[in-house]
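To start, the structure under review is shown below, and the notes come after it.
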Amino acid sequence: MKVIDFHAHYPSGRDPLRRLVKACEEAGVEVICLHSLGRLRGMGDENKLVEEAFREYPDLIRGFGFVSLGRDDPSVVDELYSRGFTGLKMFKPAKPYDSDEFFPYYEKAEDYGMPILFHTGVVARNPVDRELRATSSYMRPVHLDRIARCFPRLTLIGAHLGHPWCDEALAVMHHNPNLYFDICGGHTLWIALALMRRTRYDAKPSQLLYGTDVEPELYLRFRHFWEVMLPQLGFTDEEIRAILHDNAERILSRAPRA
(Lines of atoms letter the chains of each structure in order from A and count residues from 1; the text may use other names and numbers.)
(Lines give C-alpha, C1' and ligand atoms only; values in the text may rest on other atoms or scores of the structure.)
Protein backbone atom coordinates (compact mmCIF):
# COMPACT_ATOMS: atom_id res chain seq x y z
CA MET A 1 0.00 0.00 0.00
CA LYS A 2 1.20 3.50 -0.86
CA VAL A 3 1.15 6.16 1.86
CA ILE A 4 0.80 9.93 1.84
CA ASP A 5 3.17 11.74 4.19
CA PHE A 6 1.23 14.84 5.20
CA HIS A 7 3.92 16.39 7.39
CA ALA A 8 7.53 16.64 6.30
CA HIS A 9 10.08 19.43 5.97
CA TYR A 10 12.73 20.36 3.44
CA PRO A 11 15.69 18.10 4.28
CA SER A 12 18.82 19.57 5.82
CA GLY A 13 22.29 18.57 4.68
CA ARG A 14 23.65 17.67 1.26
CA ASP A 15 21.64 16.57 -1.78
CA PRO A 16 18.31 17.21 -0.06
CA LEU A 17 15.94 16.43 -2.92
CA ARG A 18 17.87 13.41 -4.15
CA ARG A 19 17.73 11.94 -0.65
CA LEU A 20 14.05 12.79 -0.29
CA VAL A 21 13.03 11.19 -3.59
CA LYS A 22 15.08 8.06 -2.86
CA ALA A 23 13.58 7.73 0.64
CA CYS A 24 10.05 8.17 -0.70
CA GLU A 25 10.61 5.37 -3.19
CA GLU A 26 11.94 3.07 -0.47
CA ALA A 27 9.10 3.89 1.95
CA GLY A 28 6.31 3.69 -0.62
CA VAL A 29 5.38 7.37 -0.31
CA GLU A 30 3.00 8.38 -3.10
CA VAL A 31 2.80 12.07 -2.18
CA ILE A 32 4.72 14.08 0.40
CA CYS A 33 3.72 17.48 1.78
CA LEU A 34 6.71 19.73 2.47
CA HIS A 35 6.05 22.42 5.06
CA SER A 36 8.17 25.54 5.05
CA LEU A 37 9.26 27.25 8.26
CA GLY A 38 10.27 30.46 6.53
CA ARG A 39 13.70 31.53 7.75
CA LEU A 40 13.46 29.97 11.21
CA ARG A 41 15.72 26.99 10.42
CA GLY A 42 18.65 29.03 9.11
CA MET A 43 18.29 27.65 5.58
CA GLY A 44 17.49 30.94 3.87
CA ASP A 45 14.06 31.46 2.33
CA GLU A 46 12.47 28.07 2.87
CA ASN A 47 9.31 29.05 0.99
CA LYS A 48 11.52 29.44 -2.09
CA LEU A 49 13.18 26.06 -1.51
CA VAL A 50 9.84 24.29 -1.12
CA GLU A 51 8.48 26.00 -4.24
CA GLU A 52 11.48 24.85 -6.27
CA ALA A 53 10.96 21.32 -4.94
CA PHE A 54 7.29 20.99 -5.90
CA ARG A 55 7.97 22.49 -9.32
CA GLU A 56 10.75 19.97 -9.94
CA TYR A 57 8.70 17.01 -8.66
CA PRO A 58 5.05 18.03 -9.19
CA ASP A 59 3.64 14.51 -8.91
CA LEU A 60 5.45 13.71 -5.65
CA ILE A 61 5.68 16.97 -3.69
CA ARG A 62 2.97 19.37 -2.52
CA GLY A 63 4.07 22.61 -0.88
CA PHE A 64 2.77 24.33 2.26
CA GLY A 65 4.03 27.90 2.54
CA PHE A 66 4.97 29.44 5.88
CA VAL A 67 2.91 32.33 7.23
CA SER A 68 4.15 34.20 10.31
CA LEU A 69 0.90 35.11 12.06
CA GLY A 70 0.86 38.65 13.39
CA ARG A 71 4.08 39.54 11.55
CA ASP A 72 3.37 38.91 7.86
CA ASP A 73 0.64 40.90 6.17
CA PRO A 74 -2.41 38.75 5.34
CA SER A 75 -1.70 39.41 1.64
CA VAL A 76 1.05 36.78 1.93
CA VAL A 77 -1.74 34.20 1.57
CA ASP A 78 -2.62 35.67 -1.85
CA GLU A 79 1.04 35.53 -2.83
CA LEU A 80 1.50 31.90 -1.78
CA TYR A 81 -1.66 30.87 -3.61
CA SER A 82 -0.47 32.60 -6.79
CA ARG A 83 2.86 30.77 -6.54
CA GLY A 84 1.17 27.37 -6.57
CA PHE A 85 1.35 26.36 -2.91
CA THR A 86 -1.22 23.77 -1.88
CA GLY A 87 -1.62 24.95 1.71
CA LEU A 88 -0.21 27.01 4.56
CA LYS A 89 1.94 26.27 7.60
CA MET A 90 1.43 28.17 10.88
CA PHE A 91 4.05 28.05 13.64
CA LYS A 92 5.00 30.22 16.64
CA PRO A 93 2.27 32.86 16.33
CA ALA A 94 2.56 36.23 18.07
CA LYS A 95 -0.70 35.48 19.92
CA PRO A 96 -2.94 32.42 20.35
CA TYR A 97 -4.06 30.94 17.03
CA ASP A 98 -7.70 31.93 17.59
CA SER A 99 -6.99 35.64 18.11
CA ASP A 100 -9.37 37.86 16.14
CA GLU A 101 -6.54 39.66 14.37
CA PHE A 102 -5.57 36.41 12.61
CA PHE A 103 -9.00 35.89 11.07
CA PRO A 104 -8.10 37.70 7.80
CA TYR A 105 -5.48 35.00 7.09
CA TYR A 106 -8.04 32.26 7.67
CA GLU A 107 -10.68 33.98 5.55
CA LYS A 108 -8.31 34.09 2.60
CA ALA A 109 -7.26 30.46 3.06
CA GLU A 110 -10.91 29.38 3.20
CA ASP A 111 -11.70 31.32 0.03
CA TYR A 112 -8.77 29.73 -1.82
CA GLY A 113 -9.48 26.23 -0.51
CA MET A 114 -6.00 26.04 1.04
CA PRO A 115 -5.70 23.70 4.05
CA ILE A 116 -3.69 24.99 7.00
CA LEU A 117 -1.36 22.87 9.11
CA PHE A 118 -0.82 24.35 12.58
CA HIS A 119 1.93 23.25 14.91
CA THR A 120 0.18 22.15 18.09
CA GLY A 121 1.78 21.19 21.38
CA VAL A 122 5.00 22.02 23.18
CA VAL A 123 7.76 23.13 20.82
CA ALA A 124 11.54 23.02 21.10
CA ARG A 125 13.36 26.16 22.19
CA ASN A 126 15.07 28.49 19.73
CA PRO A 127 17.37 31.50 20.30
CA VAL A 128 14.85 33.81 18.58
CA ASP A 129 11.92 32.80 20.80
CA ARG A 130 12.11 35.94 22.94
CA GLU A 131 12.08 38.16 19.87
CA LEU A 132 9.12 36.21 18.44
CA ARG A 133 7.29 36.18 21.80
CA ALA A 134 6.96 32.46 21.21
CA THR A 135 5.28 30.19 23.73
CA SER A 136 3.81 26.72 23.43
CA SER A 137 0.66 27.90 25.22
CA TYR A 138 -0.37 29.86 22.11
CA MET A 139 -0.36 26.58 20.18
CA ARG A 140 -2.59 24.39 22.34
CA PRO A 141 -5.07 22.28 20.34
CA VAL A 142 -8.06 24.04 21.92
CA HIS A 143 -7.13 27.23 20.05
CA LEU A 144 -8.14 25.49 16.80
CA ASP A 145 -11.69 24.92 18.06
CA ARG A 146 -12.93 28.47 17.49
CA ILE A 147 -11.26 28.68 14.08
CA ALA A 148 -12.89 25.44 12.94
CA ARG A 149 -16.31 26.67 14.09
CA CYS A 150 -15.95 30.12 12.50
CA PHE A 151 -14.60 28.83 9.18
CA PRO A 152 -16.53 25.63 8.40
CA ARG A 153 -15.20 25.42 4.81
CA LEU A 154 -11.58 25.66 5.98
CA THR A 155 -9.62 22.45 6.49
CA LEU A 156 -7.40 22.63 9.59
CA ILE A 157 -4.73 20.13 10.57
CA GLY A 158 -3.09 20.13 14.00
CA ALA A 159 0.38 18.62 14.14
CA HIS A 160 1.66 15.93 16.52
CA LEU A 161 -1.81 15.25 17.97
CA GLY A 162 -1.10 18.32 20.12
CA HIS A 163 1.41 16.45 22.30
CA PRO A 164 1.34 16.56 25.31
CA TRP A 165 -2.29 17.77 25.10
CA CYS A 166 -3.38 14.74 23.07
CA ASP A 167 -6.68 14.21 24.89
CA GLU A 168 -7.53 17.87 24.35
CA ALA A 169 -6.74 17.48 20.65
CA LEU A 170 -8.98 14.43 20.26
CA ALA A 171 -11.87 16.06 22.12
CA VAL A 172 -11.69 19.18 19.94
CA MET A 173 -11.42 17.05 16.79
CA HIS A 174 -14.49 15.05 17.81
CA HIS A 175 -16.69 18.14 17.60
CA ASN A 176 -15.24 19.64 14.40
CA PRO A 177 -15.49 17.64 11.16
CA ASN A 178 -13.17 20.07 9.36
CA LEU A 179 -10.37 19.55 11.90
CA TYR A 180 -7.75 16.81 11.49
CA PHE A 181 -4.64 15.87 13.46
CA ASP A 182 -1.48 14.22 12.24
CA ILE A 183 0.39 11.59 14.24
CA CYS A 184 3.96 12.53 13.37
CA GLY A 185 6.96 13.65 15.34
CA GLY A 186 9.34 12.48 18.01
CA HIS A 187 6.67 11.48 20.55
CA THR A 188 5.06 8.69 18.54
CA LEU A 189 4.82 6.26 21.46
CA TRP A 190 2.91 8.77 23.61
CA ILE A 191 0.68 9.66 20.67
CA ALA A 192 -0.05 5.95 20.22
CA LEU A 193 -0.94 5.58 23.91
CA ALA A 194 -3.38 8.50 23.66
CA LEU A 195 -5.02 6.89 20.64
CA MET A 196 -5.28 3.57 22.47
CA ARG A 197 -7.22 5.19 25.33
CA ARG A 198 -9.75 6.81 23.01
CA THR A 199 -9.86 4.65 19.86
CA ARG A 200 -13.56 3.87 20.09
CA TYR A 201 -14.61 7.20 21.56
CA ASP A 202 -13.25 10.32 19.86
CA ALA A 203 -10.11 9.14 18.03
CA LYS A 204 -11.93 9.16 14.69
CA PRO A 205 -9.81 7.39 12.04
CA SER A 206 -11.46 9.54 9.36
CA GLN A 207 -9.75 12.63 10.84
CA LEU A 208 -6.24 11.30 11.50
CA LEU A 209 -3.34 11.78 9.10
CA TYR A 210 -0.02 10.02 8.71
CA GLY A 211 3.16 12.09 8.74
CA THR A 212 6.83 11.73 9.65
CA ASP A 213 8.46 15.13 10.39
CA VAL A 214 11.92 13.55 10.21
CA GLU A 215 14.88 13.48 7.84
CA PRO A 216 14.41 11.24 4.75
CA GLU A 217 16.59 8.45 6.10
CA LEU A 218 13.92 7.76 8.76
CA TYR A 219 10.83 7.71 6.52
CA LEU A 220 10.76 3.92 6.25
CA ARG A 221 11.30 3.44 9.99
CA PHE A 222 8.31 5.64 10.83
CA ARG A 223 6.10 3.84 8.33
CA HIS A 224 7.03 0.50 9.89
CA PHE A 225 6.25 1.83 13.38
CA TRP A 226 2.70 2.83 12.50
CA GLU A 227 2.01 -0.24 10.37
CA VAL A 228 2.83 -2.36 13.42
CA MET A 229 1.20 -0.08 16.00
CA LEU A 230 -2.14 0.87 14.42
CA PRO A 231 -3.57 -2.69 14.33
CA GLN A 232 -2.58 -3.13 17.98
CA LEU A 233 -4.55 0.01 18.83
CA GLY A 234 -7.69 -1.58 17.44
CA PHE A 235 -7.93 0.08 14.04
CA THR A 236 -9.27 -2.06 11.18
CA ASP A 237 -7.50 -2.50 7.83
CA GLU A 238 -9.91 -0.03 6.24
CA GLU A 239 -9.30 2.53 9.00
CA ILE A 240 -5.54 2.11 8.70
CA ARG A 241 -5.71 2.73 4.97
CA ALA A 242 -7.69 5.90 5.70
CA ILE A 243 -5.06 7.15 8.16
CA LEU A 244 -2.07 6.28 5.99
CA HIS A 245 -3.48 7.39 2.65
CA ASP A 246 -7.15 8.06 1.95
CA ASN A 247 -7.82 10.94 4.37
CA ALA A 248 -4.88 12.88 2.98
CA GLU A 249 -5.87 12.07 -0.60
CA ARG A 250 -9.33 13.48 0.07
CA ILE A 251 -7.92 16.74 1.47
CA LEU A 252 -5.38 17.18 -1.32
CA SER A 253 -7.92 16.45 -4.05
CA ARG A 254 -9.82 19.58 -3.01
CA ALA A 255 -6.75 21.80 -2.57
CA PRO A 256 -4.97 23.96 -5.17
CA ARG A 257 -1.70 22.92 -6.75
CA ALA A 258 0.88 24.33 -9.13
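When you line the sequence shown up against the working numbering, it's residues 2 to 259, in that order.
We treat Cβ as the ideally placed atom computed from N, Cα and C, and that holds for glycine.
Distance between residue j and residue i (C-alpha atoms, nearest Å)
i, j, result
"K205", "L21", "30 Å"
"F226", "C167", "19 Å"
"G45", "G39", "8 Å"
"C34", "L231", "22 Å"
"E260", "L190", "For the chain, the structure presents residues 2 to 259; residue 260 sits outside this window and is missing."
"V78", "H176", "27 Å"
"E111", "H188", "30 Å"
"M91", "P142", "13 Å"
"E240", "A193", "15 Å"
"L73", "R198", "Inspection of the sequence shows that residue 73 is occupied by Asp rather than by Leu. Going from the Cα of D73 to the Cα of R198 covers about 39 Å."
"V173", "S76", "29 Å"
"V124", "D130", "11 Å"
"G186", "F55", "22 Å"
"V229", "E27", "17 Å"
"P153", "D146", "11 Å"
Reference residue i, options the options, closest by Cα
i, options, result
"Y202", "K3, G71, G235, A149", "G235"
"G14", "R251, T237, D130, P217", "P217"
"P178", "F103, C151, V51", "C151"
"T156", "R199, S254, P97", "S254"
"L219", "F103, P12, M2", "P12"
"R251", "D146, H176, P116, L171", "P116"
"E57", "L18, S137, H120", "L18"
"L133", "A95, S100, V124", "A95"
"N48", "V129, A160, M197, G88", "G88"
"S37", "H120, H10, V124", "H10"
"D16", "R126, F104, L50", "L50"
Short Cβ contact (9 Å threshold) for residue i with residue j
i, j, result
"D214", "H8", "yes"
"L162", "I148", "no"
"M140", "K93", "yes"
"A195", "H164", "yes"
"A259", "G64", "yes"
"G114", "A256", "yes"
"I62", "L118", "no"
"D102", "G66", "It is Glu, not Asp, that sits at residue 102 in the sequence shown. No, the Cβ-Cβ distance between E102 and G66 is not below 9 Å."
"V68", "Y98", "no"
"M221", "A24", "As written in the sequence, residue 221 is Leu, which differs from the Met given in the question. Result yes, Cβ atoms of L221 and A24 sit closer than 9 Å."
CB contact check: residue i to chain B, cutoff 9 Å
i, result
"A195", "Among the chains of the structure shown, chain B does not appear; only one protein chain is present."
Beta-carbon proximity list for residue i, same chain, < 6 Å, skipping 5 on both sides
i, result
"L210", "F7, Y181, D183, N248, A249"
"I244", "P206, L209, Y211"
"Y82", "Y113"
Proximal residues to residue i (C-beta, below 7 Å), its chain only, five neighbours per side dropped
i, result
"P59", "A259"
Contacts around residue i, its chain only, beta-carbon distance under 8 Å, and the 5 residues preceding and following it disregarded
i, result
"G29", "M2, K3, V4, R224"
**Asked** Taking the runs of the beta strand (DSSP E) that are 3 residues or longer, which of them lie wholly in the stretch 72 to 147?
**Response** If we require 3 residues or more, the beta strand (DSSP E) runs fully inside the stretch 72 to 147 come out as 88 to 91, 117 to 119.
**Prompt:** Going along the chain, which unbroken runs of the alpha helix (DSSP H) with 4 or more residues stay wholly within the stretch 162 to 202?
**Reply:** Those alpha helix (DSSP H) runs which fall completely within the stretch 162 to 202 and span 4+ residues are 167 to 175, 189 to 199.
**Message:** Going residue by residue through the stretch 218 to 258, where are the continuous alpha helix (DSSP H) segments of at least 4 residues, counting only ones entirely within it?
**Reply:** 220 to 233, 238 to 242, 248 to 254, all fully within the stretch 218 to 258.
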